[in-house]
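This note's numbering applies: residue 185 is where the sequence shown begins, and numbers increase by one.
Backbone N, C-alpha and C define an ideal beta-carbon position, used for all residues, glycine too.
The structure displayed is predicted, hence computed values, not measured ones.
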Amino acid sequence: MSMERRHFLKGMLSIGALEGLFGLSGSIKHLGAVASPLADDKKFLVTIALDGGNDHLNTLIPWNDGVYHDKRPLLTVPVSDAQLVGEGLYLHPNLSNLKSFYDSGNLALIRGVGHAADDRSHFSSMARWMTGTQDLATGTGWLGRFKDGSDLGQFGTVAIGRTGIPRILHGPKSSGIVLPPYGQISLFRSWREDGWEPAWNALRDFEMAQAGNGALQSEIAKSLRLTAETGDLVSPIYGIEAGAPGGFVNDLLVAADILNLNIGTQVVHAGLPGFDTHDRQKGTHEFLLSELDIAIGNFFANLLPSVRENTAVLIFSEFGRRVAQNESGTDHGTAGLVMLVGDRVRGGLHGIQPSLRRLDSRGDLHHEVDFRSVYASVISQWLGADPEEILGRDFGQLLLFDSPRAFLW
């Protein structure tokens with residue numbers, strides 16, 4: 185046996201890890217057969233979860249409101265006219281790329297977004313945002329249900345991450361797949377570097393040898409071969425040069441590469457953790473917003489023009505933060521900020537700015553926009569599907585796109 189084939193087969197010993205990366209092991213055998221380009225009129229959606237509860241008041245800053253200064257003497261963020269978006273509100277200074285999108289009319293800032301059942305729990309709140317329902321027993325995600333109701337193949341929905349498939353992509357019949365960020369999967373890179381001919385030869389030999397050994401062995405051999413085909417399909421993403429940036433910036437570069445490859449992916453999900461800022465918030469939050477902003481800028485800069493004009497990015501968090509500071513941080517709150525960015529997004533201020541003077545018994549803001557109305561708007565106006573079929577009922581819509589595909593089904 186040649187060294188190349190031995191190297192390849194040694195890599196195949198870790199195939200169980202690949203099954204975890206790609207999602208459901210039972211569906212991995214279908215990957216090679218269903219990766220096909222999308223039609224030219226398809227719209228792409230990237231969702232980003234800011235895990236932990238983003239402090240919306242220090243993201244879209246109500247600088248002209250005296251209550252903001254009174255409640256947050258240690259956490260106020262100085263602003264300048266360059267960050268002004270209107271109504272006395274300013275984007276955080278570290279969001280310069282997003283401010284450029286806003287100035288060009290391509291960033292929608294949706295204020296006061298939440299839901300009536302908000303219990304300020306990370307688990308239950310994120311579960312509701314992922315599933316698009318109030319029922320915590322719901323096992324499917326709103327984008328998973330969209331996928332199952334469309335003509336998308338297995339590559340139709342993809343998560344970029346280091347763990348399993350996020351709930352948002354779980355569907356009644358199938359789930360999306362997970363691709364690792366740059367530098368997290370040596371097997372694909374080694375296949376790319378060594379060439380695919382020894383891989384195909386080894387897998388064909390293995391599959392033929394197992395053909396007469398029963399259905400299980402034959403199915404395993406077929407799954408291994410199709411897994412390798414999947415690696416071949418996405419391997420261009422993993423030809424990374426030394427010195428490439430790390431972290432969340434890379435996650436979105438993978439997302440851009442996946443969309444540019446046109447292998448049938450319409451929806452990509454990624455997460456940026458660290459927003460649970462109970463202490464030392466100011467520096468942490470500034471760093472996270474900067475990472476988000478750089479990642480968004482690089483993502484759009486790396487999209488092909490034909491892909492970029494058909495791509496929208498939806499940024500959300502499971503809840504906001506309390507109005508008053510708690511020493512150097514803030515506690516869990518309500519009524520957060522959702523951002524939607526893209527060349528065809530109807531930019532500007534949307535929703536209603538929650539009053540800092542009319543708080544609930546815990547000192548939190550009252551939400552003004554149900555998060556499912558944001559989802560309904562994206563489903564209907566961008567993805568061209570029926571939001572009631574996916575969300576269960578009518579939640580109303582906001583006009584979030586310049587040329588919506590459909591509106592108010």
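Please work out which residues of its chain come closer than 6 Å, Cβ to Cβ, to residue i, disregarding the five sequence neighbours upstream and downstream, and give them in chain order.
i      : result
Gly289 : Gly531
Ala301 : Gln318
Gly576 : none
Ala519 : Gly296, Gly298, Gly504, Pro538, Leu549, His551
Leu436 : Ala479, Phe483
Ser545 : none
Ser587 : none
Arg528 : Phe585, Asp586
Arg464 : Ser512
Starting from residue i and walking both ways along the beta strand (DSSP E), at which residues does that stretch end?
i      : result
Arg329 : That residue, Arg329, is in no beta strand (DSSP E); its alpha helix (DSSP H) goes 326-332.
His299 : Looking at the DSSP string, His299 is not in any beta strand (DSSP E), and its letter there is neither H nor E.
Phe585 : Per DSSP, Phe585 belongs to no beta strand (DSSP E) and is neither H nor E.
Gly355 : Taken as a continuous stretch (DSSP letters only), Gly355 belongs to no beta strand (DSSP E), as it is neither H nor E.
Gly526 : 520-526
Gly535 : 532-535
Gly455 : 451-456
Val491 : Note, Val491: premise wrong, no beta strand (DSSP E); alpha helix (DSSP H) at 489-492.
Contact check, residue i vs residue j under 8 Å by CB: the rounded distance?
i      : j      : result
Leu498 : Ala440 : 16 Å between Cβ atoms; not a contact.
Asn278 : Ser512 : Their Cβ separation, rounded to whole angstroms, is 18 Å, which puts Asn278 and Ser512 out of contact at 8 Å.
Gly333 : Arg351 : Wrong, their Cβ atoms sit about 17 Å apart, outside the cutoff.
His462 : Thr231 : That pair is no contact at about 25 Å.
Thr341 : Gly328 : 7 Å
Leu567 : Phe330 : 6 Å
Pro257 : Leu540 : Rounded, the Cβ-Cβ distance is 14 Å, inconsistent with contact.
His534 : Leu582 : 5 Å
Please name the residue in the options whose C-alpha comes closest to that of residue i.
i      : options                        : result
Phe147 : Val491, Ala485, Leu540, Ala560 : Not covered by the structure: residue 147. The range shown for the chain is 185 to 593.
Leu293 : Gly340, Asp477, Val525         : Val525
Ile574 : Ser309, Lys283, Leu353         : Leu353
Gly270 : Phe285, Leu244, Val251, Arg256 : Leu244
Gln509 : Asp527, Tyr252, Pro246, Leu234 : Tyr252
Phe228 : Leu583, Leu582, Gln565         : Gln565
Thr468 : Asp225, Asn242, Lys226         : Asn242
Asp460 : Ser280, Arg304, Phe285, Trp247 : Arg304
Lys466 : Gly568, Pro262, Thr495, Asn248 : Pro262
Ser309 : Tyr274, Tyr286, Asp254, Asp235 : Asp235
Lys226 : Pro246, Ala496, Gly547         : Ala496
Asp335 : Ala311, Ser490, Lys255, Ala569 : Ala569
Leu543 : Asn238, Leu222, Lys255, Asn248 : Lys255
Skipping 5 residues on each side, what residues in its chain have a beta carbon closer than 7 Å to that of residue i?
i      : result
Ser370 : Low local confidence applies: a pLDDT of 44 at Ser370 is under 50, so the model's placement there is unreliable, and no value is given.
Asp578 : Glu572
Trp313 : Phe500, Glu502, Phe555
Glu470 : Asn278
Asp161 : Nothing in the structure corresponds to residue 161, since the chain is present only between 185 and 593.
Val491 : Phe228, Leu443, Asn444
Between which two residues does the alpha helix (DSSP H) containing residue i stretch?
i      : result
Ile349 : Counting along the chain, Ile349 falls outside any alpha helix (DSSP H), and DSSP gives it neither H nor E.
Gly481 : 465-486
Phe432 : 432-445
Val507 : It is not in any alpha helix (DSSP H) - Val507 carries neither H nor E in the DSSP assignment.
Phe228 : Element bounds for Phe228: not the alpha helix (DSSP H) but the beta strand (DSSP E), 228-234.
Please go through the same chain and pick out, in chain order, the residues whose beta-carbon is closer than 8 Å to the beta-carbon of residue i, but skip the five residues on each side of it.
i      : result
Leu268 : Tyr274
Asp287 : none
Notebook entry, point to check: Can you list the alpha helix (DSSP H) stretches of 4 or more residues lying completely in the region 538-574, in chain order?
Noted result: 555-565
Note to self: My parser needs the alpha helix (DSSP H) runs of 4 or more residues fully inside the region 261-300; what are they?
What the structure shows: 280-287
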